[in-house]
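**Q**
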Amino acid sequence: MSELLLEVAGLCKDFGGLEAVKDVSFTVHEGQIKALIGPNGAGKTTIFNLLTGVLPPDAGRARFRGRELLGMPSHRVAALGIGRTFQTSQLFDQMTVLENVMVGHHLQGSATMLSAALRLFGAGAEERRYREVAMEALARAGLMDLAGRQAAALSIGQRRMVEVARALAAEPQLLLMDEPAAGLNMRETERLAETIQRIRDSGVTILLVEHDMSLVMSVAEEILVLDRGEPLAEGTPEEIRSDERVLAAYLGEVTD
Amino acid sequence: MTAVQVWQFSLSGLTTGGIYALIALGFSLVYNATGVINFAQGEFVMLGGMITAAAMSAWNLPLWLAALLAVAGTTVVGLALDRAAIRPARRASIVVLIIITVGASIFIRGVASVIWGPEERPVPAFSGESPISVFGAAITPQSLWVLGTTLVVAVAMWMIFEHTVIGKAMRACAINAPAAQLCGVELSRMISWSFGLAAAVGAIAGIVLAPITMTQYSIGTMLGLKGFCAAILGGLGNSIGGIIGGLLLGVLEALGAGLISSQYKDAIAFVVLITVLLIKPSGFLGEEGGGEL
Amino acid sequence: MARRRRAEKIQLVLFFTAVALLPLVVRNAYYLHILTVVGLNLILATGLNLLMGYAGQVSLGHAAFYGIGAYASGILTATYGWNPWLAMLAAIVITSAVAWLVGKPTLHLKGHYLAMATLGVGIIVSVVIRQWSEMTGGPQGLMNIPSITLAGWELRSDMDVHYFYFVWGWGCLLSVLFSNLVASRPGRALRALHDSELAAETLGVDTAAFKVRAFVISAAYASIAGTLYAHSSMRFLSPTPFDFHKSIALLVMVVLGGQGTLWGPVLGAATITFIEEVLRPYADYDIIAYGLLLMFMMVVMPGGVARALGSLADWLRERIARRSGERDE
């Protein structure tokens, strides 16, 4: 098996008596597409928030290439090479699509407030370079014609694609995607599946939280099922499909 | 400094603190109903004192009648403020609403200065001037009036909110306005009530304060800001927190002025406020989040 | 976007050229003085706009930094005999240091709590200016502030044209720096955290640090305006121009002009300065009118003049389109 990228062990989070995440452990290997699934309230998004420093954990460890993530502020987690997209899209609404993606390049840039204000030390050249890089990224994602549009004016499907492009602009090694298919129609979901695979093929490992079972089953190589904060089962899509505990937990939720 | 001095400062601080507590109560009333910080709250205090003083000297009214008139008049001003300036801008951002209420306070102060001029005006003490000794420290009867009034107003508020239909409806609006509206509560009437009550409470604070400090058209700003400090200290929108915050602020201010320097008295309240916010970012009884920009 | 940036540059050049030509038309000393005040307010509003309009953080105490800048250079020159230019630099350093100390802990606060903390800082500074008489001269004021010399020229406020150009020269420089900054990596980071702190963080933006930087820069702008003020007006400083009401006036300039726009501060600074000047002769009634105007303008144009003009234009265009549509039928 390929190299270990992320190793989560004994992760716990308690919201005033409600145990949202209970002793969760799992690993993600380089080049994998791994999915976290589970009914509403299973603690999937909370796990993302713990990993990316949005919430402080109560217990546990999470090592990314051997470095402890927990307790790090979000921007340091990002600097290590972990990107993220959100369940309810978090685009910068007052900026254009191009500018959104350019913020994605923040980590690669070096212009400071002083050098930017004075246009010193190649700040102007850097600015032009990143505009070009961002345009290329948009072109690759097929979003070229949206570049100048205000983010607030986009449709849900477009917002998601822009968010993915923005996250990729930061050149992450691991991308956490939180319900990327939510609010998408069937054709958009199919395109999303292709996009996810393409991203992985370009060398980015993917950890996915998703409700849409057809999407999960078609793209994920390994699935961790959570129920009320606890790990329920782990395995390949085939194994999960035939797992009786999973069926029991999902009964009534998934009919297809 | 001796223990008796500390006690003396604390007692006089409690008096000012009672006023801050009443002002904080007014802030909370409006904040809970509308999410608006009403920077004109201090002007209600000024109006309470000024109308009382003016009515007594101009028309020779007895104190109680002048005070009643002051409360009624200030309440009308509060209702008018809501109608004329707050309601048309309900959906505006926090900053815009802050500017509107600051504009209102400047306007009210301007009108007061034109009507009553810049002189300080006296209001007689309610029941004599001879100080009473409490464990070695002196306290004026008027201070007892202030503290008693704070207590009575606080209890009255509690009764209104716990035991009257209007009070319950106001609480419902504060917790969840859309749901309350679905249950037939008319939001705009509740907002009127909150502005009216806040203005009345402010006026009462101004009336009981006036005999201690005299009253003047310009006293509202600083009082309002310190009452706002008290409200924030206690946790915005938390009435009990605001009362405790007010009393605490009054005592700390008096002690600070006595122990450190009376010159910097006006800064003390804000130093206390910033210190508390740095330790607990939403006041000591407040919940997380203070409204979005 | 590159096109928009170019358009902005052209607008800036046209605007400041027009300003530079103004003294050819405006020869009245009093009017020139008012225009100079507009320039000062423009610098203040531009700095505050970076904090409020771009980084999305409110400050109700910005006059404090204006005051610190003014008094620092006033005291250093009048009491300690420093060269005004050196004093200006020192004032920037002092103001920035204070802003950093204040901003670092307070900018974690949100909404009304941040508003109140900054308001508190403003009041503490104005109380200190008023009470620390040995240093600041207290309510009586700080006297005998020398004027600034630029390349052998003594810039005196009674030579109105000199000071007009001096202040607007600074205004131009600081506006250009500002427009460079907001269209760059750090500028985008600020706007990003305004829209979503969460997303900005996950893209590697240290939001806490960027907020503090924006705060410090806006304070430095205020400090420069303070120094310019200290050396212009009658060579004298009193506490009043730096109190709570100045902070509110600055807030109004930014909001009224339109937060987060390049031209907002210009519109806001000009509008408020002119209103204040027009009302000045009507003692007692001026604050009534001022209060009314604040309420009225904010109720009518909560998004600022720039945006109100924009929607007025939209409305007109729509009407014209409907008219011509009717005619076609």
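Chains as they are written, first to last, in my numbering: chain A, 210 to 465; chain B, 2 to 294; chain C, 129 to 457. Where a beta carbon is used, it is the ideal one built from N, C-alpha and C, also for glycine.
Sort Tyr410/C, Leu278/C, Thr355/C and Leu422/C by Cα distance to Gly385/C and report the nearest one.
**A** The residue labelled residue 385/C in the question sits at position 257 within the third sequence. Among Tyr410/C, Leu278/C, Thr355/C and Leu422/C, the Cα nearest to that of Gly385/C is on Leu422/C.
**Q** Quick check on Arg84/B: does DSSP put it in helix, strand or coil?
**A** Within the second sequence, the letter at position 83 stands for residue 84/B. Correct three-state label for Arg84/B: helix.
**Q** Do you know how far the Cα of Ser114/B is from the Cα of Ala67/B?
**A** On the second sequence, position 66 is the one that residue 67/B refers to. On the second sequence, position 113 is the one that residue 114/B refers to. For Ala67/B and Ser114/B, the distance between alpha carbons rounds to 19 Å.
**Q** Can you give the beta carbon distance from Ala360/A to Val306/A, rounded, assuming they're within the 8 Å contact cut?
**A** Position 151 of the first sequence holds residue 360/A. Position 97 of the first sequence holds residue 306/A. Right, their Cβ atoms sit about 6 Å apart.
**Q** When you compare the CB positions of Leu80/B and Ser195/B, do they come within less than 8 Å of one another, or not?
**A** Here the question's residue 80/B lines up with position 79 in the second sequence. Here the question's residue 195/B lines up with position 194 in the second sequence. Not closer than 8 Å, so no.
**Q** Who are the Cβ neighbours of Ile20/B in its own chain at under 6 Å, not counting the five residues just before and after it?
**A** To locate residue 20/B, count along the second sequence from 1; it is residue 19. Closer than 6 Å at the Cβ level, and outside the excluded window around Ile20/B, lie Ala206 and Leu210.
**Q** Here's the rule: buried if 16 or more other CB atoms are within 10 angstroms of the residue's CB, otherwise exposed. What is Pro63/B?
**A** Here residue 63/B refers to the residue found at position 62 when the second sequence is read from its first residue. With fewer than 16 Cβ atoms within 10 Å of its Cβ, Pro63/B is classed as exposed.
**Q** For Leu172/C and Tyr349/C, which I take to be in contact (beta-carbon distance under 8 Å), what is that distance rounded to the nearest angstrom?
**A** Taking the first residue of the third sequence as 1, we reach residue 172/C at position 44. Taking the first residue of the third sequence as 1, we reach residue 349/C at position 221. Contact flag correct, Cβ pair sits at about 7 Å.
**Q** Please confirm if Asp387/A has its CB atom under 8 Å from at least one CB of chain C.
**A** For the purposes of this step, residue 387/A is identified with residue 178 of the first sequence, where counting begins at 1. For Asp387/A, the answer is no, since every Cβ of chain C falls outside 8 Å of its Cβ.
**Q** For Tyr208/C and Val96/B, I'd like the C-alpha separation in whole angstroms.
**A** The residue you call residue 208/C lines up with position 80 of the third sequence. The residue you call residue 96/B lines up with position 95 of the second sequence. Distance between the alpha carbons of Tyr208/C and Val96/B is about 40 Å.
**Q** Please report the residue range of the beta strand (DSSP E) in which Glu216/A lies.
**A** Position 7 of the first sequence, counted from the first residue, corresponds to residue 216/A. It spans Leu213 to Phe224 - the beta strand (DSSP E) in which Glu216/A sits, taken as one unbroken run.
**Q** Between which two residues does the beta strand (DSSP E) harbouring Phe235/A extend?
**A** Indexing the first sequence from 1 puts residue 235/A at position 26. Counting along the chain, the beta strand (DSSP E) containing Phe235/A begins and ends at Leu227 to His238.
**Q** Does the beta-carbon of Tyr158/C have 16 or more other beta-carbons within 10 angstroms, so that it is buried, or is it exposed?
**A** Mapped onto the third sequence, residue 158/C falls at position 30. Exposed, since its Cβ has fewer than 16 Cβ neighbours within 10 Å.
**Q** In the structure shown, what three-state DSSP assignment does Ile261/B receive?
**A** Here residue 261/B refers to the residue found at position 260 of the second sequence. DSSP places Ile261/B in coil when its eight states are reduced to three.
**Q** Over what stretch of residues does the alpha helix (DSSP H) that includes Lys339/C continue unbroken?
**A** Locating residue 339/C in the third sequence gives position 211, where the first residue counts as 1. Looking at the DSSP string, the run of the alpha helix (DSSP H) that includes Lys339/C is Thr335 to Ala358.
**Q** If you follow the beta strand (DSSP E) that Thr294/A is part of, which residue opens it and which one closes it?
**A** Start at 1 with the first residue of the first sequence, and residue 294/A comes out as number 85. Run containing Thr294/A: Ile291 to Thr294, per the beta strand (DSSP E) assignment.
**Q** Look up Pro440/A in the DSSP assignment and give the residues it is bridged to.
**A** Numbered from 1 along the first sequence, position 231 holds the residue referred to as residue 440/A. Pro440/A is bridged to Leu435/A.
**Q** Please confirm if Gly84/B has its CB atom under 8 Å from at least one CB of chain C.
**A** As a working mapping, residue 84/B is identified with position 83 in the second sequence. Reading the sequence as shown, one finds Arg at residue 84/B and not Gly. It does not; no Cβ of chain C falls within 8 Å.
**Q** From Ala350/A to Leu441/A, what distance separates their C-alpha atoms?
**A** By one-based count along the first sequence, residue 350/A stands at place 141. By one-based count along the first sequence, residue 441/A stands at place 232. So the two alpha carbons sit approximately 36 Å from each other.
**Q** Could you work out which residues of chain B lie near Tyr241/C, taking near to mean beta carbons separated by less than 7 Å?
**A** Indexing the third sequence from 1 puts residue 241/C at position 113. The contacting residues are Ile233, Leu278, Pro282, Ser283 and Gly291.
**Q** Using the beta-carbon count (16 or more within 10 Å), is Thr174/C buried or exposed?
**A** For this step, residue 174/C is matched to residue 46 along the third sequence. So Thr174/C counts as buried.
**Q** I need the DSSP call for Glu277/A, collapsed to helix, strand or coil.
**A** As a working mapping, residue 277/A is identified with position 68 in the first sequence. Three-state result, Glu277/A: strand.
**Q** Could you pull the DSSP bridge partners for Leu270/C from this structure?
**A** Your numbering for residue 270/C matches position 142 in the third sequence. DSSP output for Leu270/C lists Leu365/C as bridge partner(s).
**Q** Would you please state the rounded distance, in angstroms, between the beta carbons of Gln6/B and Gly259/B? I believe it to be under 8 Å.
**A** As a working mapping, residue 6/B is identified with position 5 in the second sequence. As a working mapping, residue 259/B is identified with position 258 in the second sequence. The Cβ separation is near 7 Å, so the contact holds.
**Q** I want to verify the contact list: residues of chain C whose CB lies under 7 Å from the CB of Ser114/B, in sequence order.
**A** Residue 114/B sits at position 113 when you count from the first residue of the second sequence. Simply Asp412.
**Q** Which residue or residues does DSSP assign as beta-bridge partners of Gln359/A?
**A** The residue you call residue 359/A lines up with position 150 of the first sequence. Paired residue(s): Thr305/A.
**Q** Using Cβ-Cβ distances below 8 Å, what residues of the segment 308-332 of chain C are close to chain A?
**A** Hits within the stretch, in order: Asn308, Leu309, Ala311, Ser312, Arg313, Pro314, Gly315, Arg316, Ala317, Arg319, Ala320, His322, Asp323, Ser324, Leu326, Ala327, Ala328, Glu329, Thr330, Leu331 and Gly332.
**Q** Anything in the segment 336-358 of chain C with a Cβ closer than 7 Å to a Cβ of chain A? List those residues in chain order, please.
**A** Going along the segment 336-358 of chain C in chain order, one finds Arg341 and Ile345 with a Cβ nearer than 7 Å to chain A.
**Q** Identify, in the order they occur along the chain, each residue of the same chain with its Cβ nearer than 6 Å to the Cβ of Ala155/B, setting aside the five sequence neighbours on each side.
**A** Reading the second sequence from its first residue, position 154 is the one you call residue 155/B. Ile244.
**Q** What does the Cβ neighbour count give for Gln268/C, buried or exposed, with the cut at 16 atoms within 10 Å?
**A** Indexing the third sequence from 1 puts residue 268/C at position 140. Exposed is the call here.
**Q** I need the straight-line Cα distance from Glu308/A to Arg316/C, nearest angstrom please.
**A** Your numbering for residue 308/A matches position 99 in the first sequence. Your numbering for residue 316/C matches position 188 in the third sequence. Near 7 Å, if we compare the C-alpha coordinates of Arg316/C and Glu308/A.
**Q** Please name the residues in the segment 183-207 of chain C whose beta-carbon is closer than 9 Å to at least one beta-carbon of chain A, in chain order.
**A** Against chain A - using a Cβ distance shorter than 9 Å - the segment 183-207 of chain C contributes no residues.
**Q** Name, please, each residue of chain C whose Cβ falls closer than 8 Å to the Cβ of Ala288/A.
**A** Translated into positions along the first sequence, residue 288/A becomes position 79. Going along chain C in sequence order, the residues near Ala288/A (Cβ under 8 Å) are Gly332.
**Q** Using three-state DSSP, classify Val433/C as helix, strand or coil.
**A** Within the third sequence, numbered from 1, the residue matching residue 433/C stands at position 305. Residue state, collapsed to three classes: helix.
**Q** Hey, Ala378/A and Ala346/A: beta-carbon distance below 8 Å or not?
**A** Numbered from its first residue, the first sequence carries residue 378/A at position 169. Numbered from its first residue, the first sequence carries residue 346/A at position 137. Contact flag set, yes.
**Q** Name the residues in the segment 150-170 of chain C whose C-beta lies less than 7 Å from a C-beta of chain B; which are they?
**A** Cβ contacts with chain B: none found.
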